[in-house]
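Protein chains in written order, with our numbering: chain A, 182 to 546; chain B, 182 to 546.
For every residue, glycine included, the Cβ atom is placed at its ideal position computed from N, Cα and C.
This is the structure we're talking about:
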């Protein structure tokens, strides 16, 4: 995320600083100044932020106490640290939706694994660890009580399973002056084995009424946080027509990668506009698009190679983004491919073709 | 140019090295490794190139002897040094067109200023210094013999003035495997005072027959150089329908900036595809576009500020690229603005609006 934000940032009059523990990380060589440091460490974050004008994040795991300290010193932080505090804890996030009366699947809180035993009647449900889950980690499906032994022995939410027809995501931009923009909904096709996005389509295949409902909800969530920023609101559309908010990412997000080529303003450009207090850009779609993540192949760990890359680049209207991570491992996000097309059928066909053509493998297993 | 090439390069699996004399130059912080060195200096260029797999240039003034030495050692250089040798000397460049029977305005060679006296009958004409001219420097219009005192006292060409209706440019891509792609012609509106591009429109307003002729000529020029690369061929369309080649840049070029947003494949993406031996991308136009250069205001030298930037960003379908040069001076290229539109009239109106809205000034004169 940081890498693509910096690619776009090079169009604006800004001087950029990046902090990460790995000095070979994808963003390290695309900024003016790279600082090696741990984003989870209070002292590192405070020391890094002290001389900056404005701070943003590409992942929620940044030390929030440090950000709040910096905010107290008058630093501008987008999104505000309070937003991160709510979002990085799934219990607080669920309570936030509840406090705003935003539909989100029913839930109960569990503190220990054995605590699940009190909620046999709540099944089928999804157990989600309150803190530290990411990209499918920290989520377990609970169909019967036999699944309780897979539950988390830590503060978690147990969420009622809903009968999902379509998973969608809507990104909302909130400017420093309160201006708002809503990107068209995208539809996610999930790989159930890895619990990772398989591919994504834009626009989502939902009827107009559902779209209105979803957009209004996404806007309500984003405004509810009371902070400028970019909010990717993930939602579940059910067979009965209900729309639920699943979770929100207060930052540039996987579900917005396609905006680089397929929309007038990309999510990265939009975040710069928010941060620099420029007018928000137009979210207009230029062409329908599909997004395929490039994921490290199972059984492959080591120096990454991109098998089939040349064939892929022989396809028309296909864009590749390789994140420059030197090491691949199973399930690791290594890049993405955006496909522009005229309709859903063409995009689905091409997405499958892309997935067959390219594989991220290790040079030596 | 290097900056935008690096922004695009971050999508591919490459490790980038940049050499420039100024460690604050726009490209310095967007590469993996920056080397301070003089691109005109033989030793610097050889030392820089020795450990690289592939080398390209963003300006013709790179030391060609050094590049030829590196080529002799087996380094891949795109474009080949022989191309640069021809192009950076206007006498050789004109002789190259002549040798291929490509129409280019008639010319004679002068070695000294007084040598102009032999060519009184050749007026009106344009005197162009053979080496070192750039962006309007090194060019003098000779209407009458009274203008001879403005001529160059160095090897130059004296070129017959032609009755220009439209200036156009066509970029041709030549892959390592000989594959070819021709970007749609762009039309240049020149500011005669600064002898710099005022704004540019794509597609060019030329009839189909002229377009065919121009594309065939551009292709012939690019193939004539016998090297893979990207060639921006500047041409003059005359009132009598004749088309002349003016000059060629064997690299990413100002006339191709609009391709970032307005075409399926940008010129920068295309050059990476050529260098990495990937299939060439589609040159298809997504939308008609205009390009406005951001030029340092007359009378302003010093730390750059972008007056009107916020208003500009309030316009729809307008993209800004600021090159990150800290110092502005009169006539210096500081960035560009791309405008997407539906037709020529809208684009011309918006171009003028952009030029009125924004100005690159110095913080303190």
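Proximal residues of chain B, C-beta to C-beta of residue i below 7 Å
{"i": "residue 498/A", "result": "445, 463"}
{"i": "residue 188/A", "result": "188, 191"}
{"i": "residue 223/A", "result": "Residues of chain B passing the Cβ test: none, with the nearest at roughly 28 Å."}
Beta-carbon proximity check, residue i vs residue j, cutoff 7 Å
{"i": "residue 426/B", "j": "residue 449/B", "result": "no"}
{"i": "residue 499/A", "j": "residue 520/A", "result": "yes"}
{"i": "residue 440/B", "j": "residue 402/B", "result": "no"}
{"i": "residue 419/B", "j": "residue 302/B", "result": "no"}
{"i": "residue 293/A", "j": "residue 334/A", "result": "yes"}
{"i": "residue 538/A", "j": "residue 486/A", "result": "no"}
{"i": "residue 285/B", "j": "residue 308/B", "result": "no"}
{"i": "residue 273/A", "j": "residue 300/A", "result": "no"}
{"i": "residue 461/A", "j": "residue 362/A", "result": "yes"}
{"i": "residue 532/A", "j": "residue 380/A", "result": "yes"}
{"i": "residue 395/A", "j": "residue 424/A", "result": "yes"}
{"i": "residue 262/A", "j": "residue 276/A", "result": "no"}
{"i": "residue 463/B", "j": "residue 249/A", "result": "no"}
{"i": "residue 478/A", "j": "residue 541/A", "result": "yes"}
{"i": "residue 311/B", "j": "residue 323/B", "result": "no"}
{"i": "residue 405/B", "j": "residue 233/B", "result": "no"}
{"i": "residue 200/B", "j": "residue 229/B", "result": "yes"}
{"i": "residue 459/A", "j": "residue 494/B", "result": "yes"}
{"i": "residue 355/B", "j": "residue 313/B", "result": "no"}
{"i": "residue 304/B", "j": "residue 332/B", "result": "no"}
{"i": "residue 188/B", "j": "residue 188/A", "result": "yes"}
{"i": "residue 341/A", "j": "residue 421/A", "result": "no"}
Amino acids of chain B, ordered along the chain, whose beta-carbon sits closer than 8 Å to that of residue i
{"i": "residue 505/A", "result": "191, 194"}
{"i": "residue 449/A", "result": "Result: empty, since nearest Cβ-Cβ is about 11 Å, beyond 8 Å."}
{"i": "residue 487/A", "result": "194"}
Proximal residues of chain A, C-beta to C-beta of residue i below 7 Å
{"i": "residue 213/B", "result": "210"}
{"i": "residue 502/B", "result": "192"}
Cβ-Cβ separation, residue j to residue i (assumed contact under 8 Å), whole Å
{"i": "residue 392/A", "j": "residue 191/B", "result": "At roughly 34 Å, the Cβ-Cβ gap does not stay under 8 Å, so residue 392/A and residue 191/B are not in contact."}
{"i": "residue 397/A", "j": "residue 414/A", "result": "That belief does not hold up - the Cβ atoms of residue 397/A and residue 414/A are roughly 11 Å apart, past 8 Å."}
{"i": "residue 367/A", "j": "residue 382/A", "result": "7 Å"}
{"i": "residue 235/A", "j": "residue 259/A", "result": "7 Å"}
{"i": "residue 443/B", "j": "residue 476/B", "result": "Rounded, the Cβ-Cβ distance is 21 Å, inconsistent with contact."}
{"i": "residue 222/A", "j": "residue 244/A", "result": "6 Å"}
{"i": "residue 210/B", "j": "residue 212/A", "result": "6 Å"}
{"i": "residue 408/B", "j": "residue 264/B", "result": "5 Å"}
{"i": "residue 205/B", "j": "residue 509/B", "result": "With a Cβ gap of about 14 Å, residue 205/B and residue 509/B do not count as contacting."}
{"i": "residue 357/A", "j": "residue 238/A", "result": "Going by Cβ atoms, the distance from residue 357/A to residue 238/A rounds to 17 Å, so no, they are not a contact pair."}
{"i": "residue 511/B", "j": "residue 480/B", "result": "7 Å"}
{"i": "residue 436/B", "j": "residue 369/B", "result": "7 Å"}
Partner residues on chain A for residue i, Cβ-Cβ distance less than 8 Å
{"i": "residue 460/B", "result": "491, 494, 495"}
{"i": "residue 184/B", "result": "191"}
Neighbour list for residue i in chain A, Cβ cutoff strictly below 9 Å
{"i": "residue 525/B", "result": "Within 9 Å Cβ-Cβ: nothing; residue 525/B doesn't reach chain A, min ~20 Å."}
Test: residue i CB closer than 7 Å to a CB of chain E
{"i": "residue 411/B", "result": "Among the protein chains of the structure shown, namely A and B, there is no chain E."}
Contacts that residue i makes with chain B (C-beta to C-beta distance below 9 Å)
{"i": "residue 454/A", "result": "494"}
Using a Cβ cut-off of 9 Å, which residues of the stretch 422-435 of chain A contact any Cβ in chain B, in chain order?
none
Closer than 9 Å, Cβ to any Cβ of chain B: which residues of the stretch 289-306 of chain A, in chain order?
none
Any C-beta of chain B within less than 8 Å: which residues of the stretch 263-284 of chain A qualify?
none
Would you say the stretch 503-520 of chain A touches the stretch 464-471 of chain A, given that touching needs at least three Cβ pairs under 8 Å?
yes
Segment contact, 8 Å Cβ cut-off, at least three pairs: the stretch 341-358 of chain B with the stretch 386-401 of chain B:
yes
Whether or not the stretch 494-513 of chain A and the stretch 191-202 of chain B are in contact is what I'm after, with contact meaning three or more pairs of Cβ atoms, one per stretch, closer than 8 Å; do they touch?
yes
What residues in the stretch 225-254 of chain B bring their beta carbon closer than 9 Å to a beta carbon of chain A?
none
What residues in the stretch 463-484 of chain B bring their beta carbon closer than 7 Å to a beta carbon of chain A?
463, 467
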